[in-house]
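Counting from 9, one number per residue, gives the positions in the sequence shown under my numbering.
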Amino acid sequence: MAHDFNNLLMVFQGAMEGLKRRRNDDTKFAATMDMMAEGIARGKAITDRLLSFSRRSNQDVETLFLQDRVEEFKQLVSQALTDRVTVRIELDDNLWPVAVDRQGLEIALINLATNAKEAMPQGGRLTIRGRNADTTSGAFVTLTVTDEGNGIKPTDLDRVFEPFFTTKGGKSIGLGLSQVYGFANRNGGKVRVDSIEGEGASFTIYLPRSTRYEEARRLSSAGPVGLPRRILLVDDTPDTLAACKFALEAEGVQVITASDGVDALTLISTDSTIRHVLSDVMMPNMSGLELADRLRRDYPEITVVLMTGYSEALEAGVRTDRPVVAKPFAVNELVSAFGTRSAGVDNVVAIRPAP
């Protein structure tokens, strides 16, 4: 983790130096901005995968079509392999949608790829197959990861998902496959292993078919969306508050700021025109969750969206029906969270698409 984060910091260090020296070079400026945007996405992915190891809840569920992520999956697992291992991905085009924790799925695939690499020290082929499966226990999308390695002893098959169980001695701490097991169960599915010793192993993750897609498709076809024209922004970290304010104002949003939940309630009590609040979760004096509860009780007409870099309460499984966006986020991610539509509405600003 330290290695990966230091590499990302080097991206921003180099970009900062380059921008100082080439302020009037539009081509270099655009390329540097693209590089920084990619660095942000990579940093967020690293943090999300790190948190996935300790995740006790399943609040980050997304509805996905796995067949749309073939290249993403291939790049993901390739990073966990050596050049001696080739990757083949075969996902049916008609896979049903699944509602899963995307970061949990990614780390599960990384763990299975790492397990396959260790089973094939001389190299081989790793195959990922995706199929629809109607079973007696329900409709599932299956992801099967197969290697050509040493296989698993019959006496070990029932133990491979146990935490800290490993057949690799000091080379492994035995948590990779237990994470896969936990991910599958947390998302309403299951995982099974099949192996013939000396001929490789197959791990199949069963993910329940999602029924959320039709609702999401109806919402997405309801017309152009926008942001509220006026937002109360609440965050106790001055730099974060300033950065969010700058980004929202660049889209034409009028932003009022508060440093914590108590300050926000004071502003709301004196300004009856505040109708939308974007609040951090972890704050002193009053958390964003507590602020949302107070606003529901005293000002039910106010829309609240929460934002967080990390919340121990949410990670522990505390539920909220308020939308939660994860930092860092792009402004356009707030559109669906606020649920506003721009057609003919005076108090909404249409968000500009990213260049």
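Ideal Cβ placement from N, Cα and C applies to all residues, glycine included.
Residue range Arg110 to Ala127 is occupied by the alpha helix (DSSP H) that includes Arg110, with no beta strand (DSSP E) assigned at that position. As the crow flies, the alpha-carbon of Arg92 is around 11 Å from that of Ser86.
Here Tyr307 carries a coil assignment [DSSP, helix/strand/coil]. Annotated three-state conformation of Phe211 is strand, per DSSP.
Of the candidates Val242, Arg330, Pro331 and Pro216, the residue whose Cα lies closest to the Cα of Pro292 is Val242. Remark: fewer than three beta-carbon pairs, one from each stretch, lie closer than 8 Å, so the stretch 68-85 and the stretch 35-50 are not flagged as touching. The alpha-carbon separation between Ile213 and Ile276 amounts to approximately 48 Å.
In summary, Leu297 is buried, with 16 or more beta-carbon neighbours lying within 10 Å of its beta-carbon over all protein chains present. Here Gly26 has Thr40 as same chain residues with Cβ atoms under 6 Å from its own Cβ, once five neighbours each way along the sequence are excluded.
Linking Val168 to Gly22 through their CA atoms gives a straight-line distance of about 44 Å.
Here the alpha carbon of Ser203 sits roughly 27 Å from the alpha carbon of Val108.
Boundaries for Leu89: no alpha helix (DSSP H) harbours it, and the DSSP string shows neither H nor E there. Following the DSSP letters along the chain, one finds Asp288 inside the beta strand (DSSP E) bounded by residues His284 to Asp288.
Rounded to the nearest whole angstrom, the C-alpha separation of Cys252 and Asp166 is 50 Å.
Between the stretch 267-283 and the stretch 332-340, the count of C-beta pairs closer than 8 Å stays below three; the two stretches do not touch. For Ala334, the enclosing beta strand (DSSP E) covers residues Val332 to Ala334.
The shortest C-alpha to C-alpha distance from Lys161 to any of Gly208, Thr143, Ser344 and Val69 is the one to Gly208.
Contact annotation, Asp155 with Leu134: C-beta distance approximately 6 Å; criterion of less than 8 Å satisfied. Runs of the beta strand (DSSP E) lying entirely within the stretch 137-200, each at least 3 residues long, are 146-154 in chain order.
Distance check between Glu98 and each of Glu114, Ile136 and Leu120 places Ile136 closest, using alpha-carbon atoms only.
Assigned with DSSP and collapsed to three states, Thr328 falls in coil, not helix or strand.
For the alpha helix (DSSP H) assignment, the uninterrupted runs of no fewer than 4 residues enclosed by the stretch 245-292 are, from N- to C-terminal side, 246-258 and 269-278.
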